[in-house]
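Below is one structure, written out as structure tokens, with a few remarks after it.
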Amino acid sequence: LTYFNLSQNDLQELPSGLFSSLPRILSVDLSYNSINICLSEETKTRSDNISVCVDWSKILSLRYLHLKGCS
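Quick note on numbering: the sequence shown equals residues 636 to 706 in the working numbering.
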């Protein structure tokens, strides 16, 4: 999988480690969701293993991240 389109799905959070299982991902489209954009040092998870923030710097293959219309 190289392109992951999750746009316009009313997402609010992402599962922790979601992208770690996609080693060749090049493009992620999360546009028009209610996902908060966080600074890299704010990578936190809740007790139910849901990510509050995604550490995009660890996804080395990622070239395009579409966040238009996110919170």
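Note that beta-carbon positions come from the ideal geometry of N, C-alpha and C, so glycine has one too. Please read these numbers as outputs of a predicted model, since none were measured by experiment.
In this structure, DSSP gives serine 656 a helical state, which the three-state scheme calls helix. DSSP lists Val663 as the beta-bridge partner residues of leucine 700. Just measuring C-alpha positions, the residue of Asp645, Glu648, Arg659 and Cys688 sitting nearest tyrosine 699 is Arg659. Note that the C-beta distance between aspartate 664 and asparagine 640 is below 7 Å. Around the C-beta of asparagine 671, fewer than 16 other C-beta atoms lie within 10 Å, and the residue is accordingly described as exposed.
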